[in-house]
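Q: Chains as they are written, first to last, in my numbering: chain A, 15 to 212; chain B, 84 to 446. Even glycine gets a Cβ: it sits at the ideal position worked out from N, Cα and C.
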């Protein structure tokens, strides 16, 4: 274990495995082989006839060959393990629904222009979102490309708009705004009412 | 581009309609050079109000727009209203009366506050309209039997009256607002008014011996205290003179049809015009037959046709989108203009109808 620590310190920071690309994993496997070899070497030294002071692991460092990982930064920028690219987004408003499907008018958030009308399956929405399904409910639908472990595939996501609450400050601000809006109204001009003119 | 302005002695009633729920807008010219705009719709590609494109085309001085009226707060009648208000410096902003204005504005304000946090807003366009007003430009709430504008030119009275909403409708709307405010803490949905069509402002345009009836989306209903039933029984501004032009209510739907309107308020063979609503399949074929029994002059702003395809995108993405849903189709934007002009200085004039873009005469 000691030698392993020493090795870690000598070779720089480890990259967490879940963020490694395939290429980086290969490098990591090589490092593990190297670590094993060093371990064997340490064991060999510890069980040898060398004087005790020479058995100190710290002193072993000088006997070990230097191992350096290649610089990964440029490579890492190009090849990431995961990415998603939304290429089409809509805002939908549910116009009607039944037990298995719902109809929605879709506003194109990517290109603007004309609307679309679609019938979607309720099974395509998550169980939590199913509870939000009602006429007038707003959802966002996105379609795009997703890459995972080097595999690229198309992906569609539907997410219903969640609860938006107002805190007391925002409620206060809404109340104040009423007075501003109200100031723009004139008293009704009943002289203009035809019923009174007649 | 439509460029010919009306003559000084002509009135004009022009319906611009898009079908597909993009909306409709009506432009009227009265007196020598006074104008009004009723409702607004936009070109989804340019986001510009179609009424503005038309008025600029025929070179109307926007200072001559006396009023902009919103008949009701449905998306197909309000898009671009605030742009119109900003562009027309002298226009009064008219909309259906509420019995408790403060409460209504509280709902608008709460909705706006929620919109700031990412919620979709249903009253945003209304808020923008109010924001566009200034000290010399007030909003005007209208209800049944009220004058929207009135002038006398060339010895002829021109008056635009509102025929609705009825007192009961205004009262019910007040209760509905209370419910909407109570519902405000709940999840994010667009505010869906229970029956906004009942709150629509129908209009009577009166000049000399002539009458024009603009039906908005006002439905007939079953309650004699609301809708067309209330107007037929209680209106104080309808006189014995019959209208020779009728903008059919609610896209020519059965809900907007009442035989008493034809029997009591319209001339024989009146000019009928309406905007189809593709997603709701309006007007239905059976209703077209009914209207053709009343008139040989039935006009639509466009055909009620479907595209049945999604919008054009990158092919592989389009394929994927089609696979992800049961069906998807583009709501195509086609707009048509039905223009009617009439010489108001003569007592025996008839309407001159001109059709532009996708507008059609139904036979």
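Give every residue of the same chain whose Cβ lies closer than 8 Å to the Cβ of residue 141 of chain A, excluding the five residues on either side of it in the sequence, and list them in chain order.
A: Result list for residue 141 of chain A: empty, nothing under 8 Å.
Q: For residue 304 of chain B, which option in B:409, B:321, B:239 and B:282 has the closest C-alpha, if you only look at C-alpha atoms?
A: Answer by Cα proximity: B:282.
Q: Thinking C-alpha only, which one of B:196, B:358 and B:109 is nearest residue 181 of chain A?
A: Cα-wise, what sits closest to residue 181 of chain A is B:196.
Q: In chain order, what residues of the stretch 181-196 of chain B put their CB closer than 8 Å to some CB of chain A?
A: If the cut-off is 8 Å between Cβ atoms, the stretch 181-196 of chain B has 184, 185, 188, 189, 191, 192, 193, 195 and 196 near chain A.
Q: Run through the DSSP bridge pairs and tell me what residue 124 of chain B is partnered with.
A: BP columns for residue 124 of chain B are empty, so no partner.
Q: In three-state terms, what does DSSP make of residue 296 of chain B?
A: Here residue 296 of chain B sits in strand by DSSP.
Q: Would you mind telling me which residues of chain B sit closer than 7 Å to residue 178 of chain A, beta carbon to beta carbon, in chain order?
A: The answer, in chain order, is 197, 200, 201, 202 and 271.
Q: What's the C-alpha gap between residue 341 of chain B and residue 147 of chain A?
A: Distance between the alpha carbons of residue 341 of chain B and residue 147 of chain A is about 36 Å.
Q: Give the interface partners of residue 107 of chain B over in chain A, defined as CB-CB distance under 8 Å, in chain order.
A: Near residue 107 of chain B there are no residues of chain A at all, since even the closest Cβ is about 16 Å away, more than 8 Å.
Q: Just to confirm, is the Cβ distance from residue 447 of chain B to residue 175 of chain A under 9 Å?
A: One cannot answer for residue 447 of chain B here, as it falls past the ends of chain B, which runs 84 to 446.
Q: For residue 131 of chain B, which residues of its own chain have a beta-carbon under 8 Å away from its beta-carbon, when the five flanking residues on both sides are left out?
A: Taken in chain order, the residues that qualify are 125, 163 and 166.
Q: Less than 9 Å between CB atoms is the rule here; does residue 128 of chain B satisfy it with respect to chain A?
A: So, interface residue.
Q: For residue 213 of chain B, return the contacting residues in chain A, with the cut-off set at a CB-CB distance below 7 Å.
A: 195 and 198, listed in chain order.
Q: For residue 147 of chain B, return the contacting residues in chain A, with the cut-off set at a CB-CB distance below 9 Å.
A: In chain order: nothing, as chain A lies at least about 20 Å away.
Q: Go ahead and pull the three-state DSSP assignment for residue 186 of chain B.
A: Helix.
Q: Which residue comes first and which comes last in the alpha helix (DSSP H) that contains residue 311 of chain B?
A: Its alpha helix (DSSP H) spans residues 310-317.
Q: Taking all protein chains shown into account, do 16 or more other C-beta atoms lie within 10 angstroms of the C-beta of residue 197 of chain A, making it buried, or fewer, making it exposed?
A: When all chains shown are included, residue 197 of chain A counts as exposed.
Q: Please identify the residue among B:264, B:288, B:210 and B:254 whose C-alpha is closest to the C-alpha of residue 245 of chain B.
A: Here the closest residue by C-alpha is B:288.
Q: What's the C-alpha gap between residue 115 of chain A and residue 410 of chain B?
A: Roughly 11 Å separates the two Cα atoms.
Q: Check this for me: beta carbons of residue 440 of chain B and residue 420 of chain B, under 9 Å apart or not?
A: In contact: residue 440 of chain B and residue 420 of chain B (Cβ atoms closer than 9 Å).
Q: If I measure Cβ to Cβ from residue 324 of chain B and keep anything under 6 Å in the same chain, skipping five residues before and after, which residues do I get?
A: Closer than 6 Å at the Cβ level, and outside the excluded window around residue 324 of chain B, lie 294.
Q: How many angstroms separate the CA atom of residue 138 of chain A from the CA atom of residue 108 of chain A?
A: Roughly 14 Å separates the two Cα atoms.
Q: Less than 9 Å between the beta carbons of residue 98 of chain B and residue 356 of chain B, yes or no?
A: Cβ atoms of residue 98 of chain B and residue 356 of chain B: closer than 9 Å.
Q: What residue range does the alpha helix (DSSP H) around residue 140 of chain B cover?
A: Where residue 140 of chain B is concerned, the enclosing alpha helix (DSSP H) stretches over 133-140.
Q: What first and last residue would you give for the alpha helix (DSSP H) that runs through residue 170 of chain A?
A: Premise fails: residue 170 of chain A lies in the beta strand (DSSP E), 165-174, not in any alpha helix (DSSP H).
Q: Which chain B residues sit within Cβ distance under 7 Å of residue 184 of chain A?
A: Per Cβ cutoff of 7 Å: 196.
Q: Count the C-beta pairs between the stretch 207-215 of chain B and the stretch 164-183 of chain B that are closer than 8 Å, then say yes if the count reaches three, no if not.
A: They touch, by the three-pair rule.
Q: So, does the stretch 303-322 of chain B touch the stretch 176-183 of chain B, judging by three or more C-beta pairs under 8 Å?
A: At 8 Å Cβ cutoff, the stretches do not touch.
Q: In angstroms, rounded to a whole number, what distance separates the CA positions of residue 402 of chain B and residue 102 of chain A?
A: Answer to the nearest angstrom: the Cα atoms are 13 Å apart.
Q: Among B:226, B:92 and B:396, which one has its Cα closest to the Cα of residue 251 of chain B?
A: Nearest option by C-alpha distance: B:226.
Q: Whose C-alpha, out of B:383, B:346, B:378 and B:375, is nearest the C-alpha of residue 333 of chain B?
A: The shortest Cα separation from residue 333 of chain B among B:383, B:346, B:378 and B:375 belongs to B:383.
Q: Along the stretch 143-157 of chain A, what residues have a CB closer than 8 Å to any CB found in chain B?
A: Answer set for the stretch 143-157 of chain A: 146, 148, 149, 150, 151, 152 and 157.
Q: I'd like the span of the beta strand (DSSP E) that includes residue 153 of chain B, first residue to last.
A: Here the beta strand (DSSP E) through residue 153 of chain B covers 148-153.
Q: Hey, residue 327 of chain B and residue 155 of chain B are a contact pair by Cβ (cut 8 Å); roughly how many whole angstroms apart?
A: With 8 Å as the limit, residue 327 of chain B and residue 155 of chain B do not qualify as a contact, their Cβ atoms being about 25 Å apart.
Q: Residue 229 of chain B: buried (16+ other C-beta within 10 angstroms of its C-beta) or exposed?
A: Classification of residue 229 of chain B: buried, given that the 10 Å Cβ count is 16 or more.
Q: Consult DSSP for residue 172 of chain B and reduce its assignment to one of helix, strand or coil.
A: The answer is coil: DSSP assigns residue 172 of chain B none of H, G, I, E or B.
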